[in-house]
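Take a look at the structure below.
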Amino acid sequence: GNNLAAYVAQQAGKFIPEIEATVGTNLQKRIIFLVYNNLSDFRQSNIGLVTGNDQYNIGGTTQLIDNKVFLYYEGDHRMLDKQIRAAIAEIMLNQALYGSDFKAKLTNSTLLNLPDWYFKGLISYLSEEWNSDIENCVRDGILTHRYDKFNRLTGKDAIYAGHAIWFFITKKFGKQT
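Numbering (this note's numbering), first residue to last: 223 to 399.
Right, dumping it as structure tokens:
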């Protein structure tokens, strides 16, 4: 996995300044990437065994614990880049919104309750360009009226709807907005 770890380090070095410029904040703590060769290796790790909760041993999502990122290679560098960008964006947004020390996180998390479409949609927007897959999912959600109760969206619907909102804001008012 040395080649994979070197690739992740190189790509993270490219993505961090881009996302810092977009978000308008700098990282306060370094990000620790733990890279697994594949999903099978990731599932064999002991992540999540301390709590007895299997939420950390599922596949398909990048796992974050504070500033530690758990990634696995799916056989596609494009998907790995997306995982890296999403992890960096989520850490930066958490840091910007909630602070970096435990006391600030606890205080701010009780005062600030953002809907899924806002936070997860912004992470999606920062990690992946607008493409035909996202457009088709958004179109399907609009045509089937799943987006009628916008603040109650969850899961993929919240992610895609939020991504569409951030994409619209960027197109209409510019990236700085």
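Backbone N, C-alpha and C fix where the C-beta goes; we use that ideal spot for every residue, glycine too.
As the structure is a prediction and not an experimental result, all values here were calculated from the model.
The DSSP assignment places complete alpha helix (DSSP H) segments of no fewer than 4 residues inside the region 295–378 at 299–320, 324–333, 338–349, 354–365, in order along the chain.
Under DSSP, Y258 forms a beta bridge with Y294. L249: not part of any alpha helix (DSSP H); DSSP gives it neither H nor E. Close CB contacts of A386 within its chain, under the 7 Å cut and outside five residues either way in sequence, are with V360 (chain order). Here the region 304–320 makes contact with the region 336–355; the two share three or more CB pairs at distances below 8 Å.
With a contact defined as Cβ atoms closer than 8 Å, Y295 and N260 qualify at about 6 Å.
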